[in-house]
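J.: Numbering follows the numbering used here, with no gaps: position 394 of the sequence shown is 514.
For glycine and all other residues, C-beta sits at the position ideal for the given N, C-alpha and C.
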Amino acid sequence: MSLPGVLLLAAAGPEAGALVRAAAARGHLVHAATTAAAYEGYGPELKGLLAGRVVTDFAQSGRAVDEIAAYARHRGVGAVLTVNEYLTELAAHLCAELGVPGNDPGRAHAARDKAAMAEAFAASGVRTPYTVLVRDPAGLRAALADLRVGFPCVIKPVSGAGSAGVTVVSGPAGAAAAADGARAVAGMYASGGEAGVLVQAYAAGTEYSVESLTQDGTTTHLAVTRKQVTDGAKRVETGHSLPVDLPPSIEAAVYREVGAAIGAVGIRQGASHTEVIVGGDGRCTVIEIGARLAAGQIGVLIQHALGIDVWAALLDVALGRPAQLAPTACGYATVRFVTSPCAGRLTSLSGLPTVGPGVPFVRWRAALGGLVHEPDTNGHQLGSFVVTGPDAAGVEERADALLRQIRIHVEPHPNGPAQVRPASTSAIAP
Numbered sequence: 121m122s123l124p125g126v127l128l129l130a131a132a133g134p135e136a137g138a139l140v141r142a143a144a145a146r147g148h149l150v151h152a153a154t155t156a157a158a159y160e161g162y163g164p165e166l167k168g169l170l171a172g173r174v175v176t177d178f179a180q181s182g183r184a185v186d187e188i189a190a191y192a193r194h195r196g197v198g199a200v201l202t203v204n205e206y207l208t209e210l211a212a213h214l215c216a217e218l219g220v221p222g223n224d225p226g227r228a229h230a231a232r233d234k235a236a237m238a239e240a241f242a243a244s245g246v247r248t249p250y251t252v253l254v255r256d257p258a259g260l261r262a263a264l265a266d267l268r269v270g271f272p273c274v275i276k277p278v279s280g281a282g283s284a285g286v287t288v289v290s291g292p293a294g295a296a297a298a299a300d301g302a303r304a305v306a307g308m309y310a311s312g313g314e315a316g317v318l319v320q321a322y323a324a325g326t327e328y329s330v331e332s333l334t335q336d337g338t339t340t341h342l343a344v345t346r347k348q349v350t351d352g353a354k355r356v357e358t359g360h361s362l363p364v365d366l367p368p369s370i371e372a373a374v375y376r377e378v379g380a381a382i383g384a385v386g387i388r389q390g391a392s393h394t395e396v397i398v399g400g401d402g403r404c405t406v407i408e409i410g411a412r413l414a415a416g417q418i419g420v421l422i423q424h425a426l427g428i429d430v431w432a433a434l435l436d437v438a439l440g441r442p443a444q445l446a447p448t449a450c451g452y453a454t455v456r457f458v459t460s461p462c463a464g465r466l467t468s469l470s471g472l473p474t475v476g477p478g479v480p481f482v483r484w485r486a487a488l489g490g491l492v493h494e495p496d497t498n499g500h501q502l503g504s505f506v507v508t509g510p511d512a513a514g515v516e517e518r519a520d521a522l523l524r525q526i527r528i529h530v531e532p533h534p535n536g537p538a539q540v541r542p543a544s545t546s547a548i549a550p
């Protein structure tokens with residue numbers, strides 16, 4: 121008897137590539153739903169592992185569901201997955217259409233649209249920052265005058281990812297420009313949410329994320345991840361480390377809020393990535409949630425530090441099989457992101473680590489001669505590498521030492537490039 125096929129919505133990127141490899145290694149025929157332009161950028165290894173593809177327009181969600189569902193039925197697909205932030209809502213509707221395990225399609229919008237997310241959190245009693253949706257300058261002025269917002273505050277897009285368009289505003293002077301920047305961020309596949317931007321009270325404390333997997337409505341929290349971010353108006357991620365051992369009372373509070381957030385947005389089958397702030401008083405505030413596996417190589421960190429095969433677990437959940445989520449290792453892992461010191465043209469690079477003992481993953485995204493940007497979103501990262509080992513201190517020390525060895529030379533651009541040259545995310549990274 122043949123195994124059910126597996127279909128990925130957008131198969132590009134290291135996380136999707138790992139899923140493709142895992143499914144193919146188990147003997148499943150793997151299919152991709154993609155756009156015509158995106159498929160042209162798929163690398164030869166990825167194309168070689170795919171049994172087929174359906175080309176559609178993700179911006180036309182209703183038509184896309186119909187086209188992908190027809191293809192999936194014809195090809196014997198029994199599992200649908202995505203690690204693409206912008207396609208989680210479409211995935212929920214497609215799973216419902218096909219009758220395969222998936223998230224609640226009636227609430228999936230709240231896991232993508234941050235205005236709907238804030239409403240869902242409030243309705244479910246999730247502790248989250250006070251949030252106002254504003255659509256015009258008058259609304260922005262009113263939000264900034266609201267004592268429940270205060271300064272500093274955060275202005276961000278309703279539909280976005282990777283910290284694009286997110287600004288921490290210290291006073292009224294920078295608010296209009298921050299709102300314009302947030303409004304200019306267009307979601308991938310034209311998947312913008314409500315018109316307008318969000319103004320949100322600032323949550324002070326230590327930033328973490330919680331990586332969880334839910335199966336048949338029961339959630340297992342795999343790890344708490346410490347997030348390293350820049351200071352200032354633009355908070356860009358510079359690294360992740362896990363696992364974090366929180367005091368039991370704080371860990372319980374974090375898991376309680378995260379569990380409520382998972383339920384609020386209808387995640388019942390699959391991964392979730394929840395960003396939280398733990399304040400000085402130990403209370404947990406949920407910032408936002410994604411109905412997907414974390415990006416930024418967090419899946420690689422979990423696999424190497426805890427021995428949990430997250431790719432196999434995601435496949436099992438999508439196929440309706442029991443997932444193996446118990447840790448089989450007790451290590452530590454961290455990722456460092458490489459960024460440019462300034463805007464300009466990348467002229468040379470040296471000292472990048474190579475894959476070897478204790479360094480299982482290295483990825484470089486920028487092309488020599490291409491334009492790079494002083495980072496103000498996570499998409500401006502030039503590359504990354506993962507370091508693993510038995511103890512936190514040793515791993516962090518080695519990662520910092522390796523990062524210091526990297527030499528990047530950039531010919532400054534007088535005005536700064538509008539954006540980084542798009543990095544190739546189609547290749548299946550090592």
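Within the chosen definition, does the region 125 to 145 reach the region 153 to 168 through at least 3 CB pairs nearer than 8 angstroms?
T.: Yes, the region 125 to 145 is in contact with the region 153 to 168.
J.: Does Lys276 come out as helix, strand or coil in the three-state DSSP assignment?
T.: Lys276: strand per DSSP, three-state reduction.
J.: According to the Cβ coordinates, are Met237 and Glu516 closer than 8 angstroms?
T.: Going by C-beta atoms, Met237 is not nearer than 8 angstroms to Glu516.
J.: Which of the three DSSP states is assigned to Arg260 in this structure?
T.: In the sequence on display, residue 260 carries Leu and not Arg. The answer is helix: DSSP assigns Leu260 an H, G or I state.
J.: What distance in whole Å lies between the Cβ atoms of Val269 and Val254, which are believed to be in contact at a cut-off of 8 angstroms?
T.: Incorrect: roughly 10 angstroms between the Cβ atoms, too far for contact.
J.: So, do the region 369 to 383 and the region 435 to 442 have three or more beta carbon pairs nearer to each other than 8 angstroms?
T.: Judged by Cβ distances under 8 angstroms, the region 369 to 383 makes no contact with the region 435 to 442, as fewer than three pairs qualify.
J.: Check for me: the alpha helix (DSSP H) holding Ile422 runs from which residue to which?
T.: Run containing Ile422: 418 to 426, per the alpha helix (DSSP H) assignment.
J.: When DSSP builds the beta bridges, which residues end up paired with His529?
T.: Answer is Ser468.
J.: Secondary structure at Tyr375, three-state DSSP: helix, strand or coil?
T.: Helix.
J.: Under the rule that 16 or more other beta-carbon atoms within 10 Å means buried, what is Pro221, buried or exposed?
T.: That one is buried.
J.: Rounded to whole angstroms, what's the CA-CA distance from Ser122 to Val140? Just pull it up for me.
T.: When rounded, the distance between both Cα atoms is 18 angstroms.
J.: CB Glu331 to CB Ile188, shorter than 8 angstroms?
T.: Going by C-beta atoms, Glu331 is not nearer than 8 angstroms to Ile188.
J.: Would Thr202 and Ala228 qualify as a contact pair, given that the criterion is a beta-carbon distance under 8 angstroms?
T.: No, the Cβ-Cβ distance between Thr202 and Ala228 is not below 8 angstroms.
J.: Near Gln423, which residues of its chain fall below 7 angstroms by C-beta distance, leaving aside the five closest residues on each side in sequence?
T.: Once the five neighbours on either side are set aside, the close Cβ partners of Gln423 are Asp429, Val430.
J.: With a threshold of 16 other CB atoms inside 10 Å of the CB of Leu267, please say whether the residue is buried or exposed.
T.: Exposed is the call here.
J.: What number of angstroms, rounded off, separates the C-alpha of Ile486 from the C-alpha of Pro442?
T.: In the sequence under discussion, the amino acid at residue 486 is Ala, which differs from the Ile named in the question. For Ala486 and Pro442, the distance between alpha carbons rounds to 40 angstroms.
J.: Is the beta carbon of His555 less than 8 angstroms from the beta carbon of Val185?
T.: Nothing about residue 555 can be reported from this structure: the residues present for the chain run from 121 to 550 only.
J.: Identify which residue in Val406, Ala179, Ala138, Arg527 has its Cα closest to the Cα of His393.
T.: It is Val406.
J.: Quick one: is Phe241 buried, meaning 16 or more other Cβ sit within 10 Å of its Cβ, or exposed?
T.: So Phe241 counts as buried.
J.: Got a sec? Which residues, its chain only, sit under 8 angstroms from Thr459 by beta carbon, not counting five neighbours each side?
T.: Within the same chain, Thr459 has close Cβ partners Val356, Thr358, Glu494, Pro495, His500, Gln501, Leu502.
J.: Return the first residue and the last residue of the beta strand (DSSP E) that Glu395 is part of.
T.: Unbroken beta strand (DSSP E) run through Glu395: 390 to 398.
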